[in-house]
Amino acid sequence: MAAIDPTDVRPNACDLTHNQLGWIERAWGLLDRDQLERLISEMVDIPSPTGGERACAEYAVTRMREGGLDAEYQALSPARGNAVGRLRGDGSGPSLLLYGHFDHYIAGADDDRLVVGDLDHPSFRSVATRDGEVIHGAGAGNPKAGAAAAILAAQAVAASGAKLCGDVIVGLVSGGIHRVQAPHAGRPYVGEAYEGQGIGTLHMLRHGVQADYCLSTKPGYRVVWEEPGVVWIKLTVQGVVGYSARRGVFRRAISDAARLIPALEDWFESYAERHSDGQVATPGHVGAIEGGWPFKPDFSPSVCNLYLDLRISPRSDVREVLREFAAFVDGFRADNPDISIAWEPYSSMPGTATDPANWIVQSAMRAWEAVEGSPHRARTGLSGMTDAAVLRTWGIPTARLGGEVRHAGDPAFGFLSGEGADLDVMMRVARCYVFSIIDTCTRSLAEVRATGADLP
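Mapping of the sequence shown onto our numbering: position 1 corresponds to residue 17, and the numbering continues sequentially without gaps.
Next up, the structure:
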């Protein structure tokens with residue numbers, strides 16, 4: 017599959033009937049800003065770390081039922097589950113899934129300090145606060161604002177009187193954060209707190225939820241149709257355990273790892289240059305280091321483990337990427353025969369894409385243009401991955417369209433500097449969802465297929 021220049025992709029014209037235009041206008045008029053604020057704030061106030069999403073999912077089920085959806089709680093375990101809501105059509109048209117998740121990166125666990133240190137910020141706490149038009153709190157901008165906008169849009173369509181041919185499904189899941197069990201690490205990272213990477217989406221798909229198309233509610237506010245995959249690699253630098261008083265007698269794994277990291281950084285740059293194309297960028301980095309006894313640093317460890325994150329283009333194969341990495345390791349060994357290293361991948365997900373000519377991508381772009389009143393311009397250089405990989409591998413064409421995460425505080429905090437939900441933007445996102453729901457689910461299968469954007 018060759019890369020397509022995203023800036024050349026434009027939405028196809030697809031006329032709406034008088035009834036469809038009326039349903040859109042009516043549903044737009046029913047979108048309530050105060051209700052959106054309430055949905056986001058109340059979800060933020062419910063802690064939903066990976067492995068403990070049950071309360072937030074049950075809350076979403078209640079709100080969907082109150083809004084006229086047929087909603088159910090799907091249990092994964094006693095502590096976690098999914099929320100699935102439906103507006104049923106007459107069966108003659110395509111179905112549309114609005115996907116989102118509940119868990120968030122900073123969850124209040126002891127391990128959080130390994131990443132954020134002593135920093136404190138409203139985005140690290142499950143307490144909603146408002147600064148102007150921005151709501152802060154753990155998971156506010158990502159993922160809870162998108163989930164709230166999906167609920168709000170589905171409720172507005174339900175109340176609009178739109179005649180649905182296909183089902184509208186709101187699927188909000190557990191385990192959307194990129195976490196995996198890692199019993200091979202220095203600490204036993206096992207249990208539900210480390211079961212993410214699409215586990216809730218897989219459960220949803222395996223338990224009766226299917227759709228012809230999907231809109232992912234993940235940020236940001238442009239239409240995205242391809243996303244990178246990932247491979248996580250454990251790289252072990254091997255030394256000899258030794259006592260610090262006996263200097264110069266043994267291999268020091270940590271010192272050797274310090275020689276390896278700059279070579280890795282150089283290789284990451286060349287790898288990204290070779291593979292970044294289309295809408296995606298493919299960076300790599302060393303995300304974690306472990307080795308030795310913090311309570312007894314007078315001993316040098318026999319191993320120092322580096323944990324690597326490497327993004328993968330939809331036009332690359334995971335196995336080929338691993339062969340490229342193996343070639344790097346072989347080259348490093350040849351240049352540094354005194355350093356002993358071993359490596360193994362421990363998690364991977366392929367990069368995936370939806371044809372930009374597909375109905376859902378085109379509908380999402382039409383929705384964006386209808387709301388913004390200007391031509392859609394696609395973004396490039398995107399390196400974030402989502403459960404869209406799971407949905408696409410299950411044969412569901414998926415486009416992503418969410419809000420813009422608003423950061424606050426010291427910009428040096430980077431990605432974790434705010435994650436705020438901008439109410440103005442999220443109202444526009446909800447309008448986009450309404451448009452695509454009616455654009456898609458009030459048409460017959462024959463009509464959608466006649467556009468040349470066939471169902472798969």
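All C-beta atoms, glycine included, are put in the ideal place defined by N, C-alpha and C.
- Here ASP440 carries a helix assignment [DSSP, helix/strand/coil].
- Judged by DSSP secondary structure, PRO361 falls within the beta strand (DSSP E) whose first and last residues are 356–365.
- Counting the other CB atoms within 10 Å of its CB gives TRP309 a total below 16, which places it among the exposed residues.
- Taking ALA273 as the centre and dropping the five residues before and after it, the same chain places the C-beta of VAL253, ILE305, GLY307, CYS320 and LEU322 closer than 8 Å to its C-beta, in chain order.
- Under the DSSP assignment, ASN374 falls outside any alpha helix (DSSP H); it carries neither an H nor an E label.
- Counting along the chain, the unbroken alpha helix (DSSP H) around ARG349 starts and ends at 334–351.
- Taken through DSSP and simplified to helix, strand or coil, GLN295 comes out as coil.
- Note on geometry: alpha-carbon atoms of THR298 and ARG290 lie some 9 Å from one another.
- With a cut-off of 8 Å on Cβ pairs, the region 382–396 is in contact with the region 447–456, counting three or more such pairs.
- By DSSP's assignment, GLU243 forms a beta bridge with THR368.
- DSSP places LEU112 within a strand segment (E or B) once states are collapsed to three.
- Residue burial annotation: GLN226 is exposed, with fewer than 16 other C-beta atoms found within 10 angstroms of its C-beta.
- A straight-line Cα-Cα distance of about 17 Å links LEU113 and ALA178.
- Contact between GLY162 and GLY116 holds, since their C-beta atoms are separated by about 5 Å, short of 8 Å.
- Taken through DSSP and simplified to helix, strand or coil, TRP248 comes out as strand.
- Taking a contact to require three or more Cβ pairs closer than 8 Å, the region 47–62 and the region 167–174 qualify as touching.
- Counting along the chain, TYR89 sits inside the beta strand (DSSP E) bounded by residues 86–93.
- With at least 16 other beta carbons inside 10 angstroms of its own, ARG195 counts as buried.
- Two segments are said to touch when three or more pairs of C-beta atoms, one from each, lie closer than 8 Å; by this definition the region 178–188 touches the region 454–469.
- For ASP325, the enclosing beta strand (DSSP E) covers residues 319–328.
- At a Cβ-Cβ threshold of 8 Å, LEU85 and GLY101 count as neighbours.
- Residue state for ASP147 is assigned as strand, using DSSP reduced to three classes.
- Going by beta carbons, ILE193 and GLY224 fall outside the 8 Å limit.
- Taking the Cα positions, ARG395 is about 13 Å away from ARG26.
- Burial is judged here by how many other beta carbons sit within 10 angstroms of a residue's own beta carbon; THR23 has fewer than 16 and is exposed.
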